[in-house]
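> Sharing a structure with you now.
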Amino acid sequence: MIEEHALVVALNAEGVWVETQRRSVCGSCAVNKGCGTATLAKVLGNKRSQVRALNPKSTSVTVGDEVIIGINEQALVRGSLAVYIVPLLALFVFGVLGQMLGTQLLIESHEGMTIVFSLIGLALGFAWVSRFTRRIGGDRRYQPVLLRRVIPVK
Numbered sequence: 001m002i003e004e005h006a007l008v009v010a011l012n013a014e015g016v017w018v019e020t021q022r023r024s025v026c027g028s029c030a031v032n033k034g035c036g037t038a039t040l041a042k043v044l045g046n047k048r049s050q051v052r053a054l055n056p057k058s059t060s061v062t063v064g065d066e067v068i069i070g071i072n073e074q075a076l077v078r079g080s081l082a083v084y085i086v087p088l089l090a091l092f093v094f095g096v097l098g099q100m101l102g103t104q105l106l107i108e109s110h111e112g113m114t115i116v117f118s119l120i121g122l123a124l125g126f127a128w129v130s131r132f133t134r135r136i137g138g139d140r141r142y143q144p145v146l147l148r149r150v151i152p153v154k
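So for the sequence shown, this note's numbering puts the first residue at 1; every next one is plus one.
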């Protein structure tokens, strides 16, 4: 389970709305001056995002509480592969198909066909990702869950 600190911002029957803050650990890294991630973190800053977390244990929380939320590692990896790999794979496969078709049709300059087919593949890959995300939207395995409330140290 991948865990993250969050702040409760709203409660409803569907779950707990929490706000997380994107943080960079670049300050503790030895190569932070020459790293693209460090530069990107400086440009983008510490942005906050809100997400609904399920509360399967019915943990008692109120707005303003600090909590720990988590998501299954397998779900995160599968979702990441779907979002990043499928469109790229479709782009390359359709590009190769376009090039092969252009060669078979004896088109002198088949780069245009390769580009068109690549863009079609990319669009189909994005359409598949959109359908995939709608399908898993209600799947509890892909939803962050409230793990526990953080007890403040006095």
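A virtual CB, placed ideally from N, CA and C, is assigned to each residue, including glycine. Quick caveat: nothing in here was measured; it's all calculated off a predicted structure.
Going by alpha carbons, who is nearest to Q99 out of F132, E3, I115 and V86?
Here residue 99 refers to the residue found at position 99 when the sequence shown is read from its first residue. The option with the nearest alpha carbon to Q99 is I115.
> Determine whether the beta carbon atoms of N55 and L146 lie at a separation below 8 angstroms.
Position 55 of the sequence shown, counted from the start, is the residue given in the question as residue 55. Position 146 of the sequence shown, counted from the start, is the residue given in the question as residue 146. The answer is yes: Cβ separation under 8 angstroms.
> Which same chain residues end up closer than 7 angstroms to Y142 when comparing Cβ atoms and leaving out the 5 residues on each side of it in sequence?
Counting from one through the sequence shown, the residue named residue 142 turns up at place 142. The residues are A75, G79 and I136.
> Could you tell me which of Q21, T20, V51 and M1 sits nearest to N12, measuring between CA atoms?
By one-based count along the sequence shown, residue 12 stands at place 12. The candidate whose alpha carbon is nearest that of N12 is V51.
> Going by DSSP in three states, L106 sits in which element: helix, strand or coil?
To locate residue 106, count along the sequence shown from 1; it is residue 106. In this structure, L106 counts as coil in the three-state DSSP scheme.
> On a CA-only basis, which of I2, E66, S130 and L119 is nearest V16? Give me that one, please.
As a working mapping, residue 16 is identified with position 16 in the sequence shown. It is E66 whose Cα lies nearest to the Cα of V16.
> Mind checking whether S118 and G95 have CB atoms under 8 angstroms apart?
In the sequence shown, the residue the question calls residue 118 occupies position 118. In the sequence shown, the residue the question calls residue 95 occupies position 95. Yes; because the gap between Cβ atoms is below 8 angstroms, this pair is in contact.
> The alpha helix (DSSP H) spanning V129 covers which residue range?
Mapped onto the sequence shown, residue 129 falls at position 129. Per DSSP, V129 belongs to the alpha helix (DSSP H) from E111 to I136.
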